[in-house]
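Q: Chains as they are written, first to last, in this note's numbering: chain A, 1065 to 1553; chain B, 1065 to 1553. For every residue, glycine included, the Cβ atom is placed at its ideal position computed from N, Cα and C. Below you will find the structure I want to go over with you.
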């Protein structure tokens, strides 16, 4: 049995758990939109996917599952879940089971306003929440709730962009700031549904925080609930926790399973204030608190594999020992892989000028030394050619390429500019940019690619030879022309 | 050679590095005010210390160093550094070297206003910083700086309590909020020096962040600088980084060493904007970025041990390979040790009442079932006895004890109430509270300790027997009196 984790992020320990479960009987594959993930080092096989929002995302995954004989897909990221849920049947058709809750269940989890309304309707305690700033302020005025209150994105995750307002002035400011934050981050995709109702104001509870793993089988039948007292948090994830024996939390878990009808794991944050258990947040997937259950003897990966094989799961597989305290320690791993490269076109001449100014200093001689006016150069290449920029996962420009594709007589593309920031050399930035440039040339009807290189630039000549170019003639007394015939794939 | 890390926190990897360096020739000890640290599992020996602010802190460490033959002390926490620097000679007297920079150097690092003034005076680039809200606002008005600006505690650490203000309204509100935050956290200790000047407003730079390890030997002579490009951050610590070859950063490191005169490691955050390198922050200790240097072949622990032994350090020991990318992965560890216990007296009758109400429900029968009025009970025991509360590191009440110490005839203390939250059973909460209670009884002139226990409470009787109590007589038909003679120590 082969299992694929999508949006695996940093959860290398889950890969490890499934590898231990499968042993020699199957492989664990991981997929992520960035390869900068420790999980890539642990998995049997890994793949960098298009972004979740990309129209090719699902077809990419389907293709991958087909050619790698993936039996089951598990996603670890909230944004990924609804897209997989919607496309579950397409995976079924190729024999791949997506272990994901129904779309409606995921929506109730991801949309924190729906979480509030739905759980309230079902009689489950949840902090008082407002979707309208005016409603919140009038309730604060008449004393129904009191400061501090939390201001957070309705479709947010964990503690990202959450503010604590201690008075009305702060509340108004944080509300406006959160609105701007949403529009500047990927949260805008989710919030586009209803931007005016994309911020929640929620009472802040003072109590002890617990985490639950509410476990259903793959047919949404309740199995058990593991409760952990959170001892320390870090970046919104549980860093240190201890399994506890608190019957009221088990009862809450069973009730949640009953109203949520999820599959496998439902990760729940709970605040216990005096004797009441308030649900703070739910995620229909493995959460950052699962390893604490695993450490206490629970083996959900094994149960999932058995369920997939239609085998029965003994009670002991999902039974925890209590008072087991765990902590997440840091372990250094070396990433052998290339960092993420996003190669895109620059279409705006001003932006092109800025980029040429930044990258030309790495050339020898520089454009300025050659007496080239960068503004008009940028405009010219923008109009008659193409400019490719290569950035890494944190949007640092790593390389810049300028080319012409307007030779409709000889169908020869011409490389005018290629510069890689020395900080990023050795990462194949130049190679990947050239490959993209050649593809683009073909798409523009070009059949050959030509470039000029200084004779003294030994490394450059070697690089272009490696890329399939050959020296065809002297360009000047100091430089050669190199040339390559382009082939479709 | 034995080495002690104080305020070791989560840095288990440093313990590991030093253990690898020392091999069988010495031990690595760790000290922390909380035992909830993965470093405690890795170290050869560990000890929970008083808080750094506690008057007994240094004498505790001196005693520990003496009895454990500690040759060198290294601290990993900013607040700890100046206290150790001030007391360096007292450690020297007992033969222990504290590897710490001079007090003045530490002050320049810890006090971010001093960092700004000092580096500016020395001609090193640093973001424009204001200590007065009015100055900041007028500079923003006249365009010398522009929004967004960062609002942060002058004595803060990392990204704790830092706000980004995008306009004047936000700036004023965040300034007020930061002032309140400082007064509500441990930052108030540092900020007490000058509370009106305890907040900084700093321009926000947009550029690439780098981390430096600027390495001096133990006599403050410059050795080398390791530069790393930060690829991802997490909780204010470097999560993913790659070593780079950037001569301007090496030059900056050398200049910083020259003006700072630090010892061993100076951890520096740098923003590179176009061609300028701005120093953002400095810490006169091992920082969260050191493991990336270590992964790239640098071995500062080995160099430190050699320097302590007056051996020479070959250049290769502190030479990095560039383009080595590392990431911090998560590894689960089980904490075998007891969580931190803070046992303190409750002096306020209202607070006592609240605590009795919380803890009495774990008793059988409860006080309420026995018809006891909890309010007057709390008042009585507050006046004539003592109430001990046991909390863990995150301030959860774990146990409550009430006792009388007013029997001046028979000098017999009387245990009136002992309840441990079932979530925390098995952690020796009861045992530690009883030990504290007995100590308190002795301090109040008592010579014996007496208590009543139900005959059916087999576990309770066994527990008190384990604590040295014996059954002396029947109290009621359902209960015994148990008794113990108290001894000094």
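Work out the CA separation of residue 1142 (chain B) and residue 1218 (chain B) for me, nearest whole Å.
A: So the two alpha carbons sit approximately 13 Å from each other.
Q: Do you know how far the Cα of residue 1318 (chain A) is from the Cα of residue 1552 (chain A)?
A: 58 Å
Q: Which residues mark the beginning and the end of the alpha helix (DSSP H) in which residue 1006 (chain B) is found?
A: Nothing can be reported for residue 1006 (chain B): it is not among the residues displayed for chain B, which extend from 1065 to 1553.
Q: With three or more beta-carbon pairs closer than 8 Å as the criterion, would you say the segment 1066 to 1075 of chain B touches the segment 1096 to 1108 of chain B?
A: yes
Q: Starting from the C-beta of residue 1271 (chain B), find all residues in its chain whose C-beta is less than 7 Å away, skip the five residues before and the five after it, and write them out in chain order.
A: 1335, 1336 and 1337
Q: Give the straight-line distance between the Cα atoms of residue 1373 (chain A) and residue 1135 (chain A), rounded to the nearest whole angstrom.
A: Rounded to whole angstroms, residue 1373 (chain A) to residue 1135 (chain A) spans 10 Å at the Cα level.
Q: For residue 1439 (chain B) versus residue 1415 (chain B), is the C-beta spacing smaller than 8 Å?
A: no
Q: In angstroms with no decimal places, state the Cα-to-Cα distance between residue 1401 (chain A) and residue 1491 (chain A).
A: Per-residue confidence for residue 1401 (chain A) stands at a pLDDT of 46, beneath the threshold of 50, marking its modelled position as unreliable; the derived number appears in the next sentence. Approximately 9 Å between the Cα atoms of the pair.
Q: Can you tell me where the alpha helix (DSSP H) with residue 1131 (chain A) in it begins and where it stops?
A: Segment 1121 to 1131, the alpha helix (DSSP H) holding residue 1131 (chain A).
Q: Roughly how many angstroms separate the alpha carbons of residue 1329 (chain B) and residue 1291 (chain B), rounded to a whole number?
A: 13 Å
Q: Can you tell me whether residue 1304 (chain A) is buried or exposed? The criterion is at least 16 other CB atoms within 10 Å of its CB, across all chains shown.
A: Buried: at least 16 other Cβ atoms inside 10 Å.
Q: Along the segment 1079 to 1109 of chain A, where does the CB come closer than 7 Å to a CB of chain B? Name the residues.
A: 1100 and 1102
Q: Alpha carbon to alpha carbon, how far is residue 1500 (chain A) from residue 1528 (chain A)? Give it in angstroms, no decimals.
A: 14 Å
Q: Which word fits residue 1115 (chain A), buried or exposed, when buried means at least 16 other C-beta atoms lie within 10 angstroms of its C-beta?
A: When all chains shown are included, residue 1115 (chain A) counts as exposed.
Q: Starting from residue 1143 (chain A), find everything on chain B with Cβ-Cβ shorter than 7 Å and list it in chain order.
A: None at all; the shortest Cβ gap to chain B is about 19 Å.
Q: In chain B, which residues lie less than 7 Å from residue 1460 (chain A) when you measure between Cβ atoms?
A: 1272
Q: For the segment 1389 to 1414 of chain B, list every residue whose C-beta sits within 8 Å of some C-beta in chain A, in sequence order.
A: 1389, 1390, 1391, 1392, 1393, 1394, 1395, 1396, 1397, 1398, 1399 and 1403
Q: Which residues in the same chain have their Cβ closer than 7 Å to the Cβ of residue 1483 (chain B), if we skip the five residues on either side of it in sequence?
A: 1423, 1424, 1426, 1427, 1463 and 1464
Q: Note down, one range per segment and in chain order, each beta strand (DSSP E) of at least 3 residues found wholly within the segment 1480 to 1543 of chain A.
A: Listed in chain order, the complete beta strand (DSSP E) runs (minimum 3 residues) inside the segment 1480 to 1543 of chain A are 1512 to 1518 and 1534 to 1540.
Q: Could you list which residues in chain A have their beta carbon closer than 7 Å to that of residue 1237 (chain B), in chain order?
A: In chain order: 1233, 1234 and 1237.
Q: Determine whether the beta carbon atoms of residue 1360 (chain A) and residue 1326 (chain A) lie at a separation below 8 Å.
A: no
Q: Kindly identify the DSSP beta-bridge partner or partners of residue 1304 (chain A).
A: A:1296 and A:1391
Q: Tell me which residues share the same chain as residue 1430 (chain B) and place their Cβ nearer than 8 Å to its Cβ, disregarding the 5 neighbours each side in the sequence.
A: 1424
Q: So with Cβ pairs under 8 Å, would you call residue 1074 (chain B) a contact of chain A?
A: yes
Q: Should residue 1082 (chain A) be labelled buried (16 or more other beta-carbon atoms within 10 Å of its own) or exposed?
A: buried
Q: Could you say if the segment 1232 to 1239 of chain A and the segment 1205 to 1220 of chain A meet the contact criterion of at least three C-beta pairs nearer than 8 Å?
A: Flag = yes, the segment 1232 to 1239 of chain A and the segment 1205 to 1220 of chain A touch.
Q: Can you tell me whether residue 1358 (chain A) is buried or exposed? The criterion is at least 16 other CB atoms within 10 Å of its CB, across all chains shown.
A: buried
Q: What does residue 1137 (chain A) pair with, by DSSP beta-bridge criteria?
A: A:1068 and A:1162
Q: Can you list, in chain order, the residues of its chain whose CB lies under 6 Å from that of residue 1331 (chain B), leaving out five sequence neighbours each side?
A: 1347 and 1351
Q: Contact check, residue 1281 (chain A) vs residue 1371 (chain A) under 8 Å by CB: the rounded distance?
A: 6 Å
Q: Tell me whether the segment 1305 to 1314 of chain A and the segment 1156 to 1165 of chain A touch, counting them as touching only if at least three CB pairs, one residue from each stretch, are closer than 8 Å.
A: no
Q: Apart from the five residues just before and just after residue 1165 (chain B), which ones in its own chain have a Cβ nearer than 6 Å to its Cβ?
A: In chain order, 1326, 1327 and 1348 place their CB closer than 6 Å to the CB of residue 1165 (chain B), counting only its own chain and leaving out the 5 sequence neighbours on each side.
Q: Which class does residue 1318 (chain B) belong to by DSSP, given the choice of helix, strand or coil?
A: helix
Q: From the beta carbon of residue 1314 (chain B), is the nearest beta carbon of chain A less than 8 Å away?
A: no
Q: So for residue 1108 (chain A), helix, strand or coil by DSSP?
A: coil
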